[in-house]
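**Student:** The sequence shown: position 102 = 101 (numbering that gives the first Met the number 0), numbered continuously.
We put the beta carbon where it would ideally sit given N, CA and C, even for glycine.
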Amino acid sequence: MQIRTTINGQERTLEIKANMLLMDLLRRERCYSVKHGCETGDCGACAVLLDGKAVNTCIMLAAQAHEKQIVTLEALGTPDQLHPLQSAFVETGAIQCGYCTPAMILVAKELFDRNPNPSEADVREALAGVLCRCTGYVKPVEAILAAAKNLK
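#1: Would you report the Cα separation of Thr4 and Glu73, rounded to the nearest angstrom?
#2: Considering only the alpha carbon of each residue, which of Leu130, Val140, Gln63 lies closest to Ala120?
#3: Should Pro117 and Leu126 be called a contact, given that it needs their Cβ atoms to be closer than 8 Å?
#4: Tell me where the alpha helix (DSSP H) around Arg29 begins and ends.
#5: With a cut-off of 8 Å on the beta carbons, I'd call Ala53 and Phe88 a contact; round off their distance for me.
#6: Would you please state the rounded distance, in angstroms, between the beta carbons of Val70 and Val33? I believe it to be under 8 Å.
#7: Work out the CA separation of Glu66 and Thr134 for me, nearest whole Å.
#8: Buried or exposed, going by whether 16 or more other CB atoms sit within 10 Å of the CB of Asp50?
#9: Counting beta carbon pairs with one atom in the stretch 14–25 and one in the stretch 56–64, are three or more of them shorter than 8 Å?
#10: Ignore the nearest five residues each way along the sequence and tell me which others in Ala93's own chain have a CB closer than 6 Å to its CB.
Here you go:
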């Protein structure tokens, strides 16, 4: 079957199987920031923005992205010009192992899009769906709050 979708600003018509997961489609399309984690929607490592809302791609069929806008970390910044969230993660040392980082940055972007001045509680709530297996959430929370200040 075919779907039409926009991935990181590029309109595409893609051939998929009916049972293909969105995570598998995005990885096939070279969106390697979408991480394979739990396959049950629990860890959040595969999160992307779908029409501006964070979704776990490991439990979503690719067909559900038909006529939708998908944003992955690849759409934010470049190696030469990082997005303010990416810069804040680097500057605060919030990257840690890096596995959950793409999803954390995307859920933070979703948070900023609806609340440009989040509290620490808002940030922690936004991050609740993305599990960190390393050292926890202190540095990512600091990074997101710093980015919010820098974006003002």
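**Tutor:** Checking against the coordinates, here is how it stands:
#1: 16 Å
#2: Val140
#3: no
#4: It is not in any alpha helix (DSSP H) - Arg29 carries neither H nor E in the DSSP assignment.
#5: Contact flag wrong, Cβ pair sits at about 17 Å.
#6: Contact annotation, Val70 with Val33: C-beta distance approximately 11 Å; criterion of less than 8 Å not satisfied.
#7: 38 Å
#8: exposed
#9: yes
#10: Lys138, Pro139, Ala142
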